[in-house]
Structures are given as C-alpha cells and as structure tokens.
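Colleague: Residues in the sequence shown are numbered consecutively from 358, following the working numbering. Cβ atoms here follow ideal geometry from the backbone N, Cα and C, with glycine treated the same way. First the structure, then my questions, so here it is.
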Amino acid sequence: MVQLRYGLRQDSDESWTVFDVFTGQPADAWGAPAEYLDQEYAEDLVGILNAEDLKRRLSRGRVV
Numbered sequence: 358m359v360q361l362r363y364g365l366r367q368d369s370d371e372s373w374t375v376f377d378v379f380t381g382q383p384a385d386a387w388g389a390p391a392e393y394l395d396q397e398y399a400e401d402l403v404g405i406l407n408a409e410d411l412k413r414r415l416s417r418g419r420v421v
C-alpha cells in the first residue's frame, strides 16, 4: 500500500493545515505554507498535493 505524503489536521482556531506526514511541517503549496485554510479548501488541496506527489514518485519508480 502506498503511503500518502500529505495529511490534514484541524488547528485550535478551527482552521485546517495540510502537512507533510514525513516532516510534520505545513505543506509547501506553490511557495506558501498550507495553513489557516477552511475545511473544503484543505480537503481539495490535500488531494491535489497527494496526486502530484504520487505522479512524481511513479515517474521515478519510487512508490513505497
């Protein structure tokens, strides 16, 4: 089974962060940290970032 690189967490202020599961840090969404997001946007973004990461890993033959 492939481990997805990005996950979601709800912050204490009720906003959402998309984070890198390997580092625990907010994901880099095209030059900006993916934090203080509303839930719908965060859910969409985590799907996009995971799809991009999986495509990149597949093209390099590195799917784990």
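Output the boundary residues of the alpha helix (DSSP H) element that contains L406.
Modeller: Q396 to S416
Colleague: What residues are listed by DSSP as bridge partners for L361?
Modeller: Answer is none; L361 lacks a bridge partner.
Colleague: May I ask you to verify whether the segment 410-419 touches the segment 381-397, counting CB pairs closer than 8 Å and requiring at least 3?
Modeller: no
Colleague: One question on the structure: do Y363 and A389 come within less than 8 Å of each other, judged by their Cβ atoms?
Modeller: no
Colleague: Between the alpha carbons of G381 and L365, how many angstroms are there, rounded?
Modeller: Looking at the two C-alpha atoms, the distance is approximately 11 Å.
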